[in-house]
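Chains A and B, in that order, give the protein sequences.
Residue numbers for the first sequence follow my numbering, so the first one is -18 and each next one is one higher.
Residue numbers for the second sequence follow my numbering, so the first one is 787 and each next one is one higher.
In this text, a Cβ means the ideal position worked out from N, Cα and C, and glycines have one as well.
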Amino acid sequence: AQSVTQPDIHITVSEGASLELRCNYSYGATPYLFWYVQSPGQGLQLLLKYFSGDTLVQGIKGFEAEFKRSQSSFNLRKPSVHWSDAAEYFCAVGGDSGGGADGLTFGKGTHLIIQP
Amino acid sequence: DAGVIQSPRHEVTEMGQEVTLRCKPISGHDYLFWYRQTMMRGLELLIYFNNNVPIDDSGMPEDRFSAKMPNASFSTLKIQPSEPRDSAVYFCASSLGGGVHEQYFGPGTRLTVT
């Protein structure tokens, strides 16, 4: 069964500092990987996704993530965080469409706190 | 586009009552997903539909839960009878295509069962 691990429940970063959120996955085939962000009381918004090709993917709001198959990781990065980045971040894995695997498996999330 | 619409946004009910959550997906999307979010278990897929047909309901916790999609623009998730452990935020999401395609999430329904 597929699974996603986000080892950090909370992370505190100073505004303007760089950020890296960790994500490790377990999946038997070629994974589709996603990062979503959830602001308080809101639904989830897609930041970026990987399914093939270049292992470094760019997303919205200045985020990027790197897929490392050898490490089963898909870490999210941002060079300089803004106070508005404070939110809950979820890594998710999905599978090939048509195989009954279209739903996503999410990690438990990382709560990002931005210090002024 | 209005996005995915869920109603109600908040629901408080007593144990044993029937609860119905509603979802209107984005027009033209052919996949619809129901997720549940709790502190203990995080975000879990309950069930999803493709072209109004349920594809995978293995995440539905028990027979008290049922979901329907009578047409392309409407889906319901019903809990009967409800229990306190059903308290959670329930999200509906839709996508155009499955697999790698982006799922667009609604704002969620916060359910409290007392």
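Would you mind reading off the limits of the beta strand (DSSP E) that contains Asp842/B?
Counting along the chain, the beta strand (DSSP E) containing Asp842/B begins and ends at 839 to 842.
By the criterion of Cβ-Cβ separation under 9 Å, what are the contact partners of Gln39/A in chain B?
Result: empty, since nearest Cβ-Cβ is about 15 Å, beyond 9 Å.
Near Glu804/B, which residues of its chain fall below 8 Å by C-beta distance, leaving aside the five closest residues on each side in sequence?
Lys864, Ile865, Gln866, Pro867, Ser868, listed in sequence order.
Using the beta-carbon count (16 or more within 10 Å), is Val892/B buried or exposed?
Inspection of the sequence shows that residue 892/B is occupied by Gly rather than by Val. Buried, by the Cβ-count rule.
From Leu832/B to Glu1/A, what does the alpha carbon distance come to, in whole angstroms?
Roughly 30 Å separates the two Cα atoms.
Please give the ranges of any alpha helix (DSSP H) in the segment 20 to 45 of chain A, keeping only runs that are unbroken, at least 4 residues long and fully inside the region.
Fully enclosed alpha helix (DSSP H) runs of 4 or longer: not present.
With DSSP as the reference, identify every bridge partner of Ser852/B, one or two as the case may be.
Lys864/B, per the DSSP bridge assignment.
Give a yes or no on whether the minimum CB-CB distance between Gly814/B and chain A is below 7 Å.
Chain A contact via Cβ: absent.
Taking a Cβ distance cut-off of 9 Å, strictly less, list which residues of the segment 846 to 862 of chain B are near chain A, in chain order.
Those residues of the segment 846 to 862 of chain B that come within reach of chain A (Cβ to Cβ, closer than 9 Å) do not exist; the list is empty.
Rounded to a whole number of angstroms, what is the C-alpha to C-alpha distance between Val62/A and Gly43/A?
Cα-Cα distance, rounded: 9 Å.
Examine the Cβ distances between the segment 28 to 42 of chain A and the segment 8 to 15 of chain A and report whether three or more of them are shorter than 8 Å.
They touch, by the three-pair rule.
What is the DSSP secondary structure of Arg808/B, counted as helix, strand or coil?
In this structure, Arg808/B counts as strand in the three-state DSSP scheme.
Suppose contacts are defined by Cβ-Cβ distances below 7 Å. Is Val(-15)/A in contact with Cys72/A by that definition?
The answer is yes: Cβ separation under 7 Å.
When we look at the beta-carbon of Gly80/A and count the other beta-carbons within 10 Å, is it buried (16 or more) or exposed?
Confidence is the limiting factor: at Gly80/A the pLDDT is only 46, short of 50, which leaves the residue's position unreliable, though a coordinate-based value still follows. The residue is exposed, with fewer than 16 neighbouring Cβ atoms inside 10 Å.
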